[in-house]
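The sequence shown begins at 13 in our numbering and counts up one residue at a time. C-beta atoms are modelled at their ideal positions from N, C-alpha and C, and glycine is treated no differently. As the structure is a computational prediction, the values presented were derived from the model and not from experiment. Let me begin by presenting the structure, written as structure tokens, before commenting on it.
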Amino acid sequence: MAAGDDHAACEVLRGLARHLNCLNEENKATRKRALEQIKRETVDKGLSSSVLQQVFSALLKPLLKCLSDPMEKCRETAITVITEFIRCVPKPEESLPYLIPCLAQRLGEKEIMEPAEELRLCAVEMLTLIVEVCGKHLAPYLNEMINILQRTIVDPFPDVKRESCKCTINFANCVPEHFHMQAESLVSPLMQTITHQHSRVRVSVIEATGAVIQHGTGKNVDDVLSHLAQRLFDDSPQVRKAVTVVVGNWLLNMRDRYSYFHKLIPLLLSSTDDEIPEIRLLAADLWRKVGAQWEKENEDDIKDKMDFLLAPPPFYPAGVERPGLGCRELVVRNLSRLVPAITHDVTDWLVSTRVRTSQLLSVLLLHAEDHSTQHLQPLLLAAAKLLGTFVPPAVFLKLLLDHVTTSYSSSHPWAPIMVLTAVLGGCAKPLLKPHLEQIANTLAQPDVCQEYQQVSRGMFANDRERSGKKLALMLTRHHMGLVCVCVCVCVCVCVCVCVCVCVYICLHWCVGRDGKEWIKKEREGENGLGHSRTQRKRRTCFPRKGARLSHQWTAQGCLALF
């Protein structure tokens, strides 16, 4: 059988010898006809796989040479023939030592070697096929593959971007034990493409990002989270669905997922309130799987809760399904890291961000239950700041200033001032300016900001003092510039006076009585000596060579310099 295949392969190659010679002709039409004839005599003829393997080995180098042919049709035919050979031969990996370097030269350089967009797409599709049929045999060509994907992911042609993302996913799944060494090199081109105007390209990039991070080292999670969070606000439901699937898979399968729970949980829980029912159901299903997996992995730590805390708390909201124990524990253990971010984003200037954050806060409180008590203060203050952003000052001041002057709690007299501070912090300064006098008069009352002196022995005296000082600082902020200028001027004047006094004292001490006699002699010399002023100054200020520097000369030198 093998002898028959060898004979058939020899017959085919003998018939193709003339066409192979025509590939070197200068005439474009001749080269084109030769390639088309090679295609008809090989891949279109229905030869056996073993015969095609031998023929492919003989034709590979001439076909690869045609990839750089000046004629676009010749390059297209060469790519088509090579692709069909790879799909049909039993051992396509034997062509990798020649095929991958050639593709790296055509697609992996800084400058685009292939000018035709359709041919670049065909070449990337051929590369995807190579990954599918060769699998782990591509491990030695990791660097070449990464170089190609780095360039094709940012290709100007959208279809090339999508096909490159597909190739990236397949390559990461084929060689996961090697892919992690170069995975981070693909993060930057993916993030450059994640905001592409075509939604299908954005979906492909998000899916490829999921595979790159999944099979990477985990160092680049922080680099992609902000981009994925922005895609949750995408107008395309398919993009938001892709983000939900990727984040859910990370929470289930990523190696170091425990280190990123506090960053990934908000992304998945945000999708549970999506406007599309399909996305809401998908996010809820993934979240249940994440909670069940965590509960199984940490069964020993929560054994008591699993055995005894089964019933929901009294007065639980009607019509609301209680999350599983694993989901609740995940939120409780990460809530302390989530609250600061929520209190910040709930007052964001973008309406969509505030809405999403408020929805997320509702879901988190439903999971945290009574564990949310310890985070009540920052959440309430953030809510007060949000109210100050939208409620007119005349309205909230009418309600809050009365509570500031007449506190109903002797143990927490500082609470109204803290709420007032938060509300004022969210209010716009131009709207607040007409009410500054009213606020200042209220704070100046002896039983408001000065009252901390009377309760200084109490537990919360310092909090009241800090709140009063913070309000005073807020109200006088526009006067601080003038005060700083006045202080700087006073300091400069004082420094100048001190320097002048010090110089005067030093000279007075150094000159002393000898200086006065020297001045007298100098004045007498002006009448009797014929030396010029310059000569007298040189003779006075600088001693003769070898002369001893005495105290008297030092004083004279100082006077002469002045």
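Roughly how many whole angstroms lie between the Cα atoms of T140 and N182? Locating residue 140 in the sequence shown gives position 128, counting from the first residue. Locating residue 182 in the sequence shown gives position 170, counting from the first residue. Distance between the alpha carbons of T140 and N182 is about 8 Å.
Give the straight-line distance between the Cα atoms of A456 and L392, rounded to the nearest whole angstrom. Taking the sequence shown and counting its residues from 1, the one referred to as residue 456 is at position 444. Taking the sequence shown and counting its residues from 1, the one referred to as residue 392 is at position 380. One C-alpha to the other measures close to 26 Å.
What three-state label does DSSP hand T359 in the structure shown? Position 347 of the sequence shown, counted from the start, is the residue given in the question as residue 359. Three-state DSSP puts T359 in coil, outside helix and strand.
Count the other C-beta atoms from every protein chain shown that fall within 10 angstroms of the C-beta of R267, then say buried if there are 16 or more, exposed otherwise. For the purposes of this step, residue 267 is taken as the residue at position 255 of the sequence shown. Answer is exposed; the Cβ neighbour count stays below 16.
Separation of M157 from E144, as counted between CA atoms: Residue 144 sits at position 132 when you count from the first residue of the sequence shown. Residue 157 sits at position 145 when you count from the first residue of the sequence shown. So the two alpha carbons sit approximately 13 Å from each other.
Hey, how far is the Cα of V88 from the Cα of H149? Against the sequence shown, residue 88 aligns to sequence position 76. Against the sequence shown, residue 149 aligns to sequence position 137. Correcting the residue identity first, residue 88 is Glu in this sequence and not Val. Their Cα atoms are separated by approximately 26 Å.
The region 323–336 contacting the region 373–388, beta-carbon criterion three pairs below 8 Å: yes
In or out: V101 buried (at least 16 other Cβ within 10 Å) or exposed? Numbered from 1 along the sequence shown, position 89 holds the residue referred to as residue 101. Buried.
Name the residue from R118, C514, P324 and H274 whose alpha carbon lies nearest to the alpha carbon of I160. Against the sequence shown, residue 160 aligns to sequence position 148. Nearest of R118, C514, P324 and H274 to I160, Cα basis: R118.
Confirm, please, whether the CB-CB distance from P278 to L372 is below 8 Å. On the sequence shown, position 360 is the one that residue 372 refers to. On the sequence shown, position 266 is the one that residue 278 refers to. Yes.
Within 10 angstroms of its Cβ, does V511 collect 16 or more other Cβ (buried), or is it exposed? Translated into the one-based positions of the sequence shown, residue 511 becomes position 499. Result: exposed.
Does DSSP classify G569 as helix, strand or coil? Within the sequence shown, the letter at position 557 stands for residue 569. Note that G569 has pLDDT 35, beneath the 50 cutoff, so the model's placement of it is unreliable and the number below is only indicative. It is helical.
Give the C-beta separation of K44 and M83 to the nearest angstrom, bearing in mind that I take them to be a contact with Cβ-Cβ under 8 Å. Residue numbering aside, residue 44 sits at position 32 when the sequence shown is read from its first letter. Residue numbering aside, residue 83 sits at position 71 when the sequence shown is read from its first letter. That belief holds up - the Cβ atoms of K44 and M83 are roughly 7 Å apart, short of 8 Å.
Determine the closest residue to R349 out of F245, H274, T221 and L133, with distance taken between C-alpha atoms. For the purposes of this step, residue 349 is taken as the residue at position 337 of the sequence shown. R349 has its Cα closest to that of H274, out of F245, H274, T221 and L133.
Pairwise C-alpha distance: V302 and D313: Against the sequence shown, residue 313 aligns to sequence position 301. Against the sequence shown, residue 302 aligns to sequence position 290. Spanning the two alpha carbons is a distance of roughly 17 Å.
Among L115, V351 and I50, which has the Cα closest to the Cα of N155? The sequence position of residue 155 within the sequence shown is 143, counting from 1. For the residues L115, V351 and I50, the minimum Cα distance to N155 belongs to L115.
Would the region 354–374 count as touching the region 409–418 if we require 3 or more Cβ pairs under 8 Å? no
Give the secondary structure of D171 by DSSP, where H, G and I count as helix, E and B as strand, and everything else as coil. For this step, residue 171 is matched to residue 159 along the sequence shown. Correct three-state label for D171: helix.
Per DSSP, what kind of secondary structure is S282 in: helix, strand or coil? To locate residue 282, count along the sequence shown from 1; it is residue 270. Of the three classes helix, strand and coil, the one that applies to S282 here is helix, per DSSP.
How about A220 and C186: are their beta carbons less than 8 Å apart? As a first step, residue 220 is located in the sequence shown; it is residue number 208 there, counting from the start. As a first step, residue 186 is located in the sequence shown; it is residue number 174 there, counting from the start. In this structure, C186 does not lie closer than 8 Å to A220 by Cβ.
Alpha carbon to alpha carbon, how far is S211 from C134? Give it in angstroms, no decimals. As a first step, residue 134 must be located in the sequence shown, where it is residue number 122. As a first step, residue 211 must be located in the sequence shown, where it is residue number 199. Straight-line Cα distance between these residues: approximately 22 Å.
Considering only C-alpha positions, which residue in the set R52, A70, P127 and E106 is nearest to T92? One-based indexing of the sequence shown puts residue 92 at position 80. Answer by Cα proximity: R52.
Could you say if the region 25–34 and the region 63–82 meet the contact criterion of at least three C-beta pairs nearer than 8 Å? yes
For V212, the first and last residue of its enclosing alpha helix (DSSP H): Counting from one through the sequence shown, the residue named residue 212 turns up at place 200. For clarity, residue 212 is Arg in the given sequence; the question names Val instead. Segment S211 to Q226, the alpha helix (DSSP H) holding R212.
Closer than 8 Å is the cut-off here; do at least three beta carbon pairs connect the region 391–406 with the region 347–361? yes
For F191, is the classification buried or exposed, using 16 other Cβ atoms within 10 angstroms of its Cβ as the cut-off for buried? As a position in the sequence shown, residue 191 is number 179, starting the count at 1. It is buried - the Cβ of F191 has at least 16 other Cβ atoms within 10 Å.
Across the region 258–265 and the region 280–300, are there enough close Cβ pairs to call them in contact, namely three or more that are closer than 8 Å? yes
At which residue ranges does the region 62–138 contain complete alpha helix (DSSP H) runs of 4 or more residues, listed in the order of the chain? 84–100 and 108–119
Check each candidate in L64, A440, H31 and K40 and name the one with the smallest Cα separation from Q49. Walking along the sequence shown from the start, residue 49 turns up at place 37. The option with the nearest alpha carbon to Q49 is H31.
As assigned by DSSP and simplified to three states, the class of F191: On the sequence shown, residue 191 is found 179 positions in, with the first residue counted as 1. The answer is helix: DSSP assigns F191 an H, G or I state.
Does the distance from the CB of I165 to the CB of P201 come in under 8 Å? Taking the first residue of the sequence shown as 1, we reach residue 165 at position 153. Taking the first residue of the sequence shown as 1, we reach residue 201 at position 189. In this structure, P201 lies closer than 8 Å to I165 by Cβ.
Top-ranked residue by Cα proximity to S370, from A330, D286 and L237: Translated into the one-based positions of the sequence shown, residue 370 becomes position 358. Out of A330, D286 and L237, D286 has the C-alpha closest to the C-alpha of S370.
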